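Remarks on the structure that follows.
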Amino acid sequence: MFILSWLLLFSFFNTSIVKAVIYPGSGSIIATPGQRDWDKTDVTVNLIYHGDKIGHLLTLQYAWSKSAGEAIEWELQTESNSTSESIVWQPYTGAVTQSNDGIWYLHYKAVNTFKGEIKGYYGPYKINEITTYLYEYNELGQLVKIKLPTGETLYSYEYDNNGNLITKTKN
1 MFILSWLLLF
11 SFFNTSIVKA
21 VIYPGSGSII
31 ATPGQRDWDK
41 TDVTVNLIYH
51 GDKIGHLLTL
61 QYAWSKSAGE
71 AIEWELQTES
81 NSTSESIVWQ
91 PYTGAVTQSN
101 DGIWYLHYKA
111 VNTFKGEIKG
121 YYGPYKINEI
131 TTYLYEYNEL
141 GQLVKIKLPT
151 GETLYSYEYD
161 NNGNLITKTK
171 N
């Protein structure tokens, strides 16, 4: 925060001091896309700085992590604080890509001209190059559904009272 003062002379005997408070403003960082559900392809994310008219962006850094949480200095504390993982900050020069399987979060750290720091993260970004199927069974151990990690049902199976397969439905 900056305080500027002006001295206004209205007359020889009457003076006033006017104070104006100017906040440097921190702006915001927007990620496109902000998250992504399961997909087999790499994810590419753009970070966009939206500043105010007072503070301009000096530096923008990013780091990929498998944890959602506040990025602090060179370490990432997870929301549960049960684990921490080291992250490596990289200078942001354009769209960034993650190609490894798993659930990822893109962390950012920006500094404006007034040394105001903006920190945060976007995600999750989910990458699964090898499709994993989820199998549901009934109480008799018979397969009743095959699903994708997104929850989308691929196949449904129905059985009669004797345990014989009646129908197999592709959804």
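Here the sequence shown is numbered in the numbering used here, starting from 1 and rising by one per residue.
Think of the CB as a built atom: it goes at the ideal place given N, C-alpha and C, for glycine as much as any other residue.
None of these values were measured; they are calculated from a predicted model.
{"Asked": "Between the Cα of Gln90 and the Cα atoms of Phe114, Ala63, Gly102 and Asp39, which residue gives the shortest distance?", "Found": "Ala63"}
{"Asked": "Pull up the distance between the alpha-carbon of Tyr155 and that of Glu129, whole angstroms please.", "Found": "21 Å"}
{"Asked": "Is DSSP giving Glu117 helix, strand or coil here?", "Found": "strand"}
{"Asked": "Would you grab the beta carbon distance between Asn112 and His56 for me? Rounded to a whole angstrom, and I think it's under 8 Å.", "Found": "6 Å"}
{"Asked": "Any idea what DSSP makes of Gly99, helix, strand or coil?", "Found": "According to the sequence shown, residue 99 is Ser rather than Gly. The answer is coil: DSSP assigns Ser99 none of H, G, I, E or B."}
{"Asked": "How long is the line joining the alpha carbons of Asn46 and His107, rounded to whole angstroms?", "Found": "12 Å"}
{"Asked": "With burial defined as no fewer than 16 other Cβ atoms inside 10 Å of the residue's Cβ, what is the status of Ile29: buried or exposed?", "Found": "buried"}
{"Asked": "Look at the alpha carbon of Trp38 and the alpha carbon of Gln98, and state the distance between them as a whole number of angstroms.", "Found": "13 Å"}
{"Asked": "May I ask you to report which of helix, strand or coil DSSP gives Gln35?", "Found": "coil"}
{"Asked": "Using the beta-carbon count (16 or more within 10 Å), is Ala31 buried or exposed?", "Found": "buried"}
{"Asked": "Between the C-alpha atoms of Gly34 and Lys119, what's the straight-line distance to the nearest angstrom?", "Found": "15 Å"}
{"Asked": "Go ahead and label Ile127 buried or exposed: buried means 16 or more other beta carbons lie within 10 angstroms of its beta carbon, across all protein chains shown.", "Found": "buried"}
{"Asked": "Would you please verify whether the beta carbon of Asn100 is less than 9 Å from any beta carbon of chain D?", "Found": "The displayed structure is made up of one protein chain only, and chain D is not part of it."}
{"Asked": "Since Ala110 and Leu143 should fall inside the 8 Å C-beta cutoff, what is the C-beta to C-beta distance between them, to a whole number of angstroms?", "Found": "So it is not a contact: roughly 50 Å between Cβ atoms."}
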